[in-house]
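Student: Before we start, here is the structure in question, set down as structure tokens.
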Amino acid sequence: MNLQINQHQINEIHELQLTGEVDAYTAPKLKEVMLPLTEKEGGTVVVDLSGIDYMDSTGLGVFVGALKSSKANNSSLKLRGMTDRVKRIFEITGLTEVMDIESGVKGEAL
Amino acid sequence: MRTASDYIEMNVPAKPDYVGVVRLTISGLANRMGFAFDEIEDIKIAVSEAVTNVVNHAYTDGEKGQVRIGCNIFDDRIEITVVDQGMSFDVESISKNLGPVDGKSVDQLNEGGLGLFLIDTLMDKVEISSEAGVVVMMTKYLHRDEVEEHVDRISPAPSQ
Numbered sequence: 084m085n086l087q088i089n090q091h092q093i094n095e096i097h098e099l100q101l102t103g104e105v106d107a108y109t110a111p112k113l114k115e116v117m118l119p120l121t122e123k124e125g126g127t128v129v130v131d132l133s134g135i136d137y138m139d140s141t142g143l144g145v146f147v148g149a150l151k152s153s154k155a156n157n158s159s160l161k162l163r164g165m166t167d168r169v170k171r172i173f174e175i176t177g178l179t180e181v182m183d184i185e186s187g188v189k190g191e192a193l
Numbered sequence: 006m007r008t009a010s011d012y013i014e015m016n017v018p019a020k021p022d023y024v025g026v027v028r029l030t031i032s033g034l035a036n037r038m039g040f041a042f043d044e045i046e047d048i049k050i051a052v053s054e055a056v057t058n059v060v061n062h063a064y065t066d067g068e069k070g071q072v073r074i075g076c077n078i079f080d081d082r083i084e085i086t087v088v089d090q091g092m093s094f095d096v097e098s099i100s101k102n103l104g105p106v107d108g109k110s111v112d113q114l115n116e117g118g119l120g121l122f123l124i125d126t127l128m129d130k131v132e133i134s135s136e137a138g139v140v141v142m143m144t145k146y147l148h149r150d151e152v153e154e155h156v157d158r159i160s161p162a163p164s165q
């Protein structure tokens, strides 16, 4: 029932590796870490969601907020590594249309 | 007609800290009933959304409220009721904003508002009333693959 956030930075690219659950309890922590990163002009924030096994609309709200902030500050926000479950709620809510989502593990051979 | 059901109730403080506890409990009940993995995940999200709504909207700062979660377990379905005794939030104005992102620009996106839409999408039946506080009642039916459908089963008329 917790969320772990690991942060790495390579030049202008900030990568956040998330593990655990994003809900009403943990979302404020994610917002606190992610939002300031999206406010850096020209920067890129990459969020790896492969370790997320639960997310609800509170989490979606944080990503919507981060997306707005990145548009306002000319930075970019990319999401990657979504599990099928997490991808499903992005799809249901239509957020896949507006978010930059890197498709998951694709077999090289295909 | 089967009407007998088991009833489980939780009464927790309306704080974010307890949303996950409720979710895990409901997940355990749904698992015991034989719901499939994806259905359990749907129920977990729907219940969390309803409880989170209470946590965020029902009580003003300083007013310490509770949220009550009741589960009726039937042979063929789980009925979950989430109740607060706080100020009713304006269900109509929230419902108006329901819906997926469809064609909206990023500026028009609402950081809240997706919760009720998700409940509505993930559960089979949802009823909301807001007379004294808000009551959200949601139902998910069991679709047991290994059991043949009873042809003579009394099925409720579709409520569209």
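Order-wise, the sequence lines are chains A and B. FYI, the working numbering numbers position 55 of the first sequence as 138, with every residue one higher than the one before it. FYI, the working numbering numbers position 64 of the second sequence as 69, with every residue one higher than the one before it. Backbone N, C-alpha and C define an ideal beta-carbon position, used for all residues, glycine too. Keep in mind it's a predicted model, so treat the numbers as computed, not measured.
1) If we cut at 8 Å on Cβ distances, does GLU95 of chain A have a partner in chain B?
2) Have a look at B:PHE79, B:ALA137, B:THR86, B:THR65 and flag the residue whose alpha-carbon is nearest the alpha-carbon of PHE40 of chain B.
3) I need the DSSP call for GLY190 of chain A, collapsed to helix, strand or coil.
4) What residue does the alpha helix (DSSP H) around LEU118 of chain A start on, and which one ends it?
5) With H, G and I counted as helix, E and B as strand and the rest as coil, what does DSSP make of ASP43 of chain B?
6) If you draw a straight line from the alpha carbon of SER53 of chain B to that of ASN61 of chain B, how long is it in whole angstroms?
7) May I ask you to report which of helix, strand or coil DSSP gives GLY176 of chain A?
8) According to DSSP, what are the bridge partners of ILE83 of chain B?
9) When we look at the beta-carbon of ALA192 of chain A and count the other beta-carbons within 10 Å, is it buried (16 or more) or exposed?
10) Here's a check: name, in chain order, each residue in its chain whose Cβ is nearer than 6 Å to the Cβ of PHE173 of chain A, leaving out the five neighbours to either side.
11) Compare the C-beta of PHE122 of chain B against all C-beta atoms of chain A and say whether one is closer than 8 Å.
12) Which residues mark the beginning and the end of the beta strand (DSSP E) in which VAL105 of chain A is found?
13) Going by DSSP, what residue range makes up the beta strand (DSSP E) through GLY134 of chain A?
14) Counting only beta-carbon atoms, is VAL2 of chain B nearer than 8 Å to chain A?
15) Using a Cβ cut-off of 9 Å, which residues of the region 52 to 80 of chain B contact any Cβ in chain A, in chain order?
16) If contacts are defined as beta-carbon pairs under 8 Å, then GLU104 of chain A and LEU86 of chain A qualify, I think. What distance do you get, rounded to the angstrom?
17) Using CA atoms only, rank isn't needed, just tell me which of B:LEU123, B:THR144, B:GLY138 is closest to GLU132 of chain B.
18) Given a cut-off of 8 Å, decide if THR176 of chain A and SER153 of chain A are closer than it, judged by their beta-carbon atoms.
19) So PRO21 of chain B contacts chain A; which residues on that side make the cut at Cβ distance below 7 Å?
20) Checking 8 Å against the spacing of the C-beta atoms, do LEU34 of chain B and ILE50 of chain B come in under that value?
21) Would you be able to state if there are at least three C-beta pairs under 8 Å between the region 106 to 118 of chain A and the region 16 to 25 of chain B?
22) Kindly list, in the order they appear in chain A, the residues whose Cβ is closer than 7 Å to that of GLU46 of chain B.
Tutor: In short:
1) Contact with chain B is absent for GLU95 of chain A, since none of that chain's Cβ atoms lies less than 8 Å from the residue's Cβ.
2) If we check each option's Cα against that of PHE40 of chain B, B:PHE79 comes out closest.
3) For GLY190 of chain A, the pLDDT reaches just 43, beneath the cut-off of 50, and the residue's location in the model is therefore unreliable, although a value from the coordinates is still provided. Correct three-state label for GLY190 of chain A: coil.
4) Residues 110 to 121.
5) Secondary structure at ASP43 of chain B: helix, using DSSP grouped into helix, strand and coil.
6) Whole-angstrom Cα-Cα distance: 12 Å.
7) Note on identity: in this sequence residue 176 of chain A is Thr, with Gly being the wrong assignment. Here THR176 of chain A sits in coil by DSSP.
8) In the DSSP output, where bridge partners are listed per residue, ILE83 of chain B has B:ILE78, B:LYS145.
9) Low local confidence applies: a pLDDT of 39 at ALA192 of chain A is under 50, so the model's placement there is unreliable, with the coordinate-based value given in what follows. When all chains shown are included, ALA192 of chain A counts as exposed.
10) Excluding five sequence positions before and after PHE173 of chain A, the CB atoms of its chain that fall closer than 6 Å to its own CB belong to THR179, given in chain order.
11) Closer than 8 Å: yes.
12) Boundaries of the beta strand (DSSP E) harbouring VAL105 of chain A: 96 to 105, taken from the DSSP string.
13) Here the beta strand (DSSP E) through GLY134 of chain A covers 127 to 138.
14) Past the boundaries of the shown model lies residue 2 of chain B; chain B is included only from 6 to 165, so the question cannot be answered.
15) Going along the region 52 to 80 of chain B in chain order, one finds SER53, GLU54, VAL56, THR57, VAL60, ASN61 with a Cβ nearer than 9 Å to chain A.
16) Contact between GLU104 of chain A and LEU86 of chain A holds, with the beta-carbon distance rounding to 6 Å and staying under 8 Å.
17) The residue with the shortest Cα to Cα distance from GLU132 of chain B is B:THR144.
18) Their beta carbons are not under 8 Å apart, which means SER153 of chain A does not touch THR176 of chain A by this criterion.
19) Chain A residues near PRO21 of chain B: ALA107, TYR108.
20) Against a cut-off of 8 Å, the Cβ pair of ILE50 of chain B and LEU34 of chain B comes out as no contact.
21) With a cut-off of 8 Å, the region 106 to 118 of chain A and the region 16 to 25 of chain B count as touching, because enough Cβ pairs lie within range.
22) Against chain A, a Cβ distance below 7 Å from GLU46 of chain B picks out ARG168.
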